[in-house]
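Report on the following structure.
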Amino acid sequence: SDSDSDSDEIASETDSAPEEKDLEDSAPEDKKAVTKKRAKITVVGEEVAEHTLAMDRDEAREEEMQSALADFKANEEEMKKVRVVKKKKMCCYALRKATGCCFPIPLIQSVLESNNQKTQKNIQKWSKKKEGPEVINAMDEKGRTAFSLAIKEDRADIADLFVSRPGAVDVNLG
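Numbering (full-length UniProt numbering), first residue to last: 1 to 174.
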């Protein structure tokens, strides 16, 4: 019976509030009051609070914002994952690799294979570019650079190629 009396109180207060049309006719200078629809909500034992549709929208926005932030925090780790971009293989990749014609060999691999021509071309190519020193001084999975490999293999001719290009190789790495 308490819920019936509560709903009766709410209904009676919203019914007793003046309608929009009545407010427009009686007070044209009070247009802000006309545009806001209001209802008084009474809970037994508490004060009468004025509740507007704007308050409902604000509450809905706040709830939506909180749920969006919670979803973002839950998926934050997934968003941090870096997408790996695959490089397209060259035309006739297997044939080029088998014949060794027009096939790019990494600098470290060309030093390991003692291929002077490929090593020289790699050093010439990368020493002209802005990111060249990073590529020339790159370390493999064992922490070795191409220059350190040339020295460890006692390949003075290949080490001379590195030293002949000023600024291309960091001699302190190794």
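Ideal placement from N, C-alpha and C gives every residue a C-beta, glycine not left out.
For residue i, write down the residues that DSSP places opposite it in a beta bridge.
i	result
Thr119	DSSP output for Thr119 lists no bridge partner at all.
At what residues does the alpha helix (DSSP H) containing residue i begin and finish?
i	result
Gly132	132–136
Arg155	Counting along the chain, Arg155 falls outside any alpha helix (DSSP H), and DSSP gives it neither H nor E.
Met55	53–74
Arg144	First-last for Arg144: undefined, no H or E at that position.
Lys97	93–99
Ser110	107–112
Of all the options the options, which has the alpha carbon lying nearest to the alpha carbon of residue i?
i	options	result
Leu107	Cys101, Ala98, Thr99, Gln117	Gln117
Arg144	Phe103, Leu112, Val85	Leu112
Arg165	Ala94, Glu76, Lys128	Lys128
Lys89	Glu77, Pro104, Thr99	Pro104
Can you round the beta-carbon distance between residue i and residue j to whole angstroms, since I take them to be within the 8 Å contact cut?
i	j	result
Ile136	Leu161	That pair is no contact at about 11 Å.
Ser114	Arg155	6 Å
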